[in-house]
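Enquirer:
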Amino acid sequence: MPDSPEDLVAAQAGHGVAQYVLLGAGLDTFAQRRPQAAERLRVFEVDQPGPQAWKRQRLLELAPGSTLVTTFMLPAELLDDRDRPGLQASRDGARASGTPFISFYTPPEMLALAREAGFKYARHVPGSSLAERYFAGRPDGLRPSSGEDLLVATT
């Protein structure tokens with residue numbers, strides 16, 4: 037017999053139970069404390085909006101000095117003409133496989149999102165500058181698409 041409700045949930049997840057609903061979730065952190073069990077479950081937390089918003093804000097806070105580095109997809113109108121057909125083919129393939137691309141951002145939009153999320157410093161690194169640095173002079177002419185840029189943000 038499991039020692040706690042969470043042990044019971046973890047055991048049931050191992051037997052094929054697919055979801056865990058916490059009514060009145062409050063400040064429960066099961067999904068963060070028990071990631072191996074939570075990855076097998078879809079966890080629903082039901083509570084008043086205030087406590088949920090407070091918890092979400094606290095969970096998304098990063099330790100001072102943390103750095104986030106992420107790539108992001110540019111809108112088609114910002115791509116080189118030669119890369120637009122490849123983007124469209126990728127979008128079509130992703131949609132057909134059930135994982136459509138849903139997010140395309142301009143560099144100013146990404147910088148604004150980073151600052152809104154609490155990052156004190158955010159820098160946009162164009163993919164073209166990375167291509168120049170790492171792909172210049174290749175005898176085979178290989179280069180990355182112009183459709184992906186980089187964001188570096190620090191708390």
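In the numbering used here, the protein residues as written are 37 to 191. Don't be surprised by glycine CBs; every beta carbon is placed ideally from N, CA and C.
1. Could you give the first and the last residue of the continuous alpha helix (DSSP H) run that contains Leu147?
2. What are the boundary residues of the beta strand (DSSP E) that includes Val45?
3. For the beta strand (DSSP E) containing Phe108, name the first residue and the last one.
4. Kindly indicate which three-state DSSP category Ala74 falls into: helix, strand or coil?
5. Would you call the segment 78 to 85 and the segment 42 to 57 in contact, with 3 or more CB pairs under 8 Å?
6. Quick one: complete alpha helix (DSSP H) runs, 4+ long, within the segment 52 to 99?
7. Which first and last residues belong to the alpha helix (DSSP H) in which Ala132 is found?
8. Pull up the distance between the alpha-carbon of Leu186 and that of Ala74, whole angstroms please.
9. Leaving out the 5 sequence neighbours to the left and right, which residues in its chain are closer than 8 Å to Leu104 when beta-carbon positions are compared?
10. Per DSSP, Tyr157 is paired with what?
11. What does a CB cutoff of less than 7 Å around Asp204 pick up in its chain, not counting 5 residues either side in sequence?
12. Just to confirm, are Leu115 and Gly177 a CB contact at a threshold of 8 Å?
Expert: On the basis of the data shown:
1. Your numbering for residue 147 matches position 111 in the sequence shown. Residues Pro143 to Glu152.
2. The sequence position of residue 45 within the sequence shown is 9, counting from 1. Where Val45 is concerned, there is no enclosing beta strand (DSSP E), although the alpha helix (DSSP H) it sits in stretches over Pro41 to Ala49.
3. On the sequence shown, residue 108 is found 72 positions in, with the first residue counted as 1. Its beta strand (DSSP E) spans residues Thr103 to Met109.
4. Here the question's residue 74 lines up with position 38 in the sequence shown. The answer is helix: DSSP assigns Ala74 an H, G or I state.
5. Under the Cβ criterion (8 Å, minimum of three pairs), the segment 78 to 85 counts as touching the segment 42 to 57.
6. 66 to 69, 71 to 74 and 85 to 96
7. The residue given as residue 132 occupies position 96 in the sequence shown. Taken as a continuous stretch (DSSP letters only), the alpha helix (DSSP H) holding Ala132 covers Arg120 to Ala132.
8. Within the sequence shown, the letter at position 150 stands for residue 186. Within the sequence shown, the letter at position 38 stands for residue 74. Those two C-alpha atoms are separated by around 30 Å.
9. Sequence index remark: in the sequence shown, residue 104 carries index 68 (1-based). These residues qualify, in order along the chain: Leu98, Ala150, Phe155, Leu187, Val188, Ala189 and Thr190.
10. Numbered from 1 along the sequence shown, position 121 holds the residue referred to as residue 157. Partner(s): Thr190.
11. As displayed, the chain neither begins before 37 nor continues past 191, which places residue 204 out of reach and without an answer.
12. Here residue 115 refers to the residue found at position 79 when the sequence shown is read from its first residue. Here residue 177 refers to the residue found at position 141 when the sequence shown is read from its first residue. Their beta carbons are not under 8 Å apart, which means Leu115 does not touch Gly177 by this criterion.
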